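A.B. asks: The following block contains the structure, expressed as structure tokens.
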Amino acid sequence: MPSRADLHTHTTYSDGVLTPTQLIDLAYSKGVRILALTDHDTTDGLPEAIEAARKYPDFLLIPGVEMSTDVPGNEVHILGYFIRWQDPNFQEQLARLRDSRVIRARRMVDKLAQLGIRISWERVLEVAGDGSIGRPHIAQVLVEEGYVGSVNEAFQLYLGRNAPAYVEREKLTPAEVVQLLRKVQGICVLAHPRELIAQLDSLLPQLKEVGLVGMEVYYQDYTPEEMEVLLRWARKYDLIPLGGSDYHGLGGPQQREPGDIPLPEEPVQQFLEVAKVQGSFLPA
Ligand code: AMP
Ligand code: ZN
Ligand code: FE
Ligand code: FE
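The sequence shown begins at 52 in the numbering used here and counts up one residue at a time.
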């Protein structure tokens, strides 16, 4: 059975910098043997990823997606794995969310202008390319234009959840997102919950009821102490502790390379077992 797993990565199809092929080649070269592609609100990178993964017989590519929601004062991201992504209704929902991302990004650029920070909307669209547009694209243009020194600083000063140019996204609740993913057999995992700890006692039972099975514990820049705390939360609610690098390739102090966050073998096997039992092993 393959072992080294990274269950959270992004590509040019959303706000990452590598194409699916480049990502898979890089991950494989770093010893990753189970990789989930989890672009924001899009599965358009999956055909290329599936093709790229063909050349590695000992490599498992898991079709995934990351979907974002806002709750009062915070963001909640949900990862869906082994999704039956070709489902037309699901694709329609994703297309709608991507459309609303464009409107939201435009509003953030307008909000920046009100703050005296004028960046070109056309340039933001250009940086986003055909992919699902997001704040990192705006951040990159802010860097290009010299308004900030790094993507990170762009988030701190302007684009972060509580910063002045932030605009909320379309109102889907976390439970609605889980339900949407369950309709296409998605195995649902709560992403990077560190900032949500104060809300977990209300959030987790609610999400478990609609089908959440896991929670990210081993994540990017989380310290061993933070992971220990999150592991206790996962145990409390009987959620599989998973995670990944959330690799985007944008650099910055919190960036980890694909495969840099080791996941313990047992929960990964447990996760794959859930997929098997559900009959959703191996993408079509
Ligand atoms: P969006 O999907 O437009 O809401 O943007 C969310 C994405 O922005 C995340 O997936 C990260 O890639 C990135 N992001 C969020 N917070 C930060 C931060 N503080 N520094 C750098 N990137 C961030
Ligand atoms: Zn992202
Ligand atoms: Fe996220
Ligand atoms: Fe992510």
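Heads up, the beta-carbon is just placed ideally off N, CA and C, and yes, glycines get one too. These numbers come from a predicted model, not from an experiment.
1. Measure the Cβ-Cβ separation of C239 and R245 and say whether it is below 8 Å.
2. Just to confirm my understanding: we take P309, look at its own chain, exclude 5 residues before and 5 after, and list those with CB closer than 8 Å. What are they?
3. For M52, is the classification buried or exposed, using 16 other Cβ atoms within 10 angstroms of its Cβ as the cut-off for buried?
4. When you get a sec, list the residues whose CB is within less than 5 Å of any heavy atom of ligand 4, chain order please.
5. Sort out for me which residues DSSP pairs G265 with in a bridge.
6. What is the DSSP secondary structure of N125, counted as helix, strand or coil?
7. Taking three-plus beta-carbon pairs below 8 Å as touching, is the region 191-211 in contact with the region 116-124?
8. Look at L241 and I101 and say whether their C-beta atoms are less than 8 Å apart.
9. Look at the alpha carbon of P215 and the alpha carbon of I170, and state the distance between them as a whole number of angstroms.
10. Could you tell me which residues DSSP pairs with G115 in its beta bridges?
11. The beta strand (DSSP E) spanning I85 covers which residue range?
12. For Y270, which three-state DSSP category applies?
13. How about L77: is its C-beta nearer than 8 Å to some C-beta of chain E?
14. Quick one: is the Cβ of P187 within less than 7 Å of any heavy atom of ligand 2?
15. Sorry if obvious, but does the Cβ on N203 come closer than 7 Å to a heavy atom of ligand 1?
16. With a threshold of 6 Å on Cβ separation, who are the neighbours of L223 within its own chain once the five nearest residues in sequence on each side are excluded?
17. For A326 and A285, what's the separation of their Cα atoms in angstroms?
18. Helix, strand or coil for A56? Go by DSSP, reduced to three states.
19. For Y298, which of helix, strand or coil comes out of DSSP?
20. Is H59 near ligand 1 - that is, is its Cβ less than 7 Å away from at least one heavy atom of it?
21. Closest by CA to R307, which one among Y269, D289, E277?
22. Measure the C-alpha to C-alpha separation of E177 and N125 and round it to an integer number of angstroms.
23. Tell me, to the nearest whole angstrom, how far the beta carbon of V202 is from that of V194; I am working on the premise that it is less than 8 Å.
24. Would you tell me roughly how many angstroms separate the C-alpha atoms of L27 and A179, rounded to the nearest one?
25. Cutting at 8 Å between CB atoms, please list the residues of its own chain near L145, excluding the five before and the five after it.
26. Do R152 and G185 have their beta-carbon atoms positioned less than 8 Å apart in this structure?
27. Among R220, P256, P123, whose alpha-carbon lies nearest the alpha-carbon of R155?
28. I'd like to confirm something about A242: is its beta-carbon nearer than 7 Å to some heavy atom of ligand 3, or not?
29. If I measure Cβ to Cβ from E277 and keep anything under 7 Å in the same chain, skipping five residues before and after, which residues do I get?
C.D. replies: From the atom records:
1. No, the Cβ-Cβ distance between C239 and R245 is not below 8 Å.
2. Here the set comprises D57, T60, L74, L77, A78, K81, V83, L86, S296, Y298.
3. Residue confidence is low: M52 scores 40 on pLDDT, short of 50, so the model does not pin down where it sits. No coordinate-derived value is stated.
4. After applying the 5 Å Cβ criterion, the set is E117, D297.
5. DSSP output for G265 lists V240, I291 as bridge partner(s).
6. The answer is strand: DSSP assigns N125 an E or B state.
7. Flag = no, the region 191-211 and the region 116-124 do not touch.
8. Cβ atoms of L241 and I101: not closer than 8 Å.
9. Computed Cα separation, rounded: 16 Å.
10. Answer by DSSP bridge pairing, in chain order: Y132.
11. It spans 85-88 - the beta strand (DSSP E) in which I85 sits, taken as one unbroken run.
12. Residue state, collapsed to three classes: strand.
13. Reference to chain E is not applicable here, since this structure consists of a single protein chain.
14. Yes, ligand 2 has a heavy atom inside 7 Å of this Cβ.
15. Under cutoff, so the answer is yes.
16. Hits under 6 Å: T120.
17. The alpha-carbon atoms of A326 and A285 are separated by roughly 19 Å.
18. Strand, per DSSP.
19. Y298 falls in the strand class under three-state DSSP.
20. Every heavy atom of ligand 1 is 7 Å or more from the Cβ of H59, so no.
21. Ranking the options by Cα distance to R307, first place goes to Y269.
22. E177 and N125 have their C-alpha atoms spaced approximately 29 Å apart.
23. Between V194 and V202 the Cβ distance is about 6 Å, and since that is below 8 Å, they are a contact.
24. Residue 27 cannot be examined here, being either before or after the span of the chain that is shown, 52 to 335.
25. Once the five neighbours on either side are set aside, the close Cβ partners of L145 are D92, T93, T94, V116.
26. Cβ distance < 8 Å, so G185 and R152 count as in contact.
27. Checked all of R220, P256, P123; the closest Cα to R155 is R220.
28. Yes, since a heavy atom of ligand 3 falls inside the 7 Å radius drawn around the Cβ of A242.
29. Closer than 7 Å at the Cβ level, and outside the excluded window around E277, lie R245.
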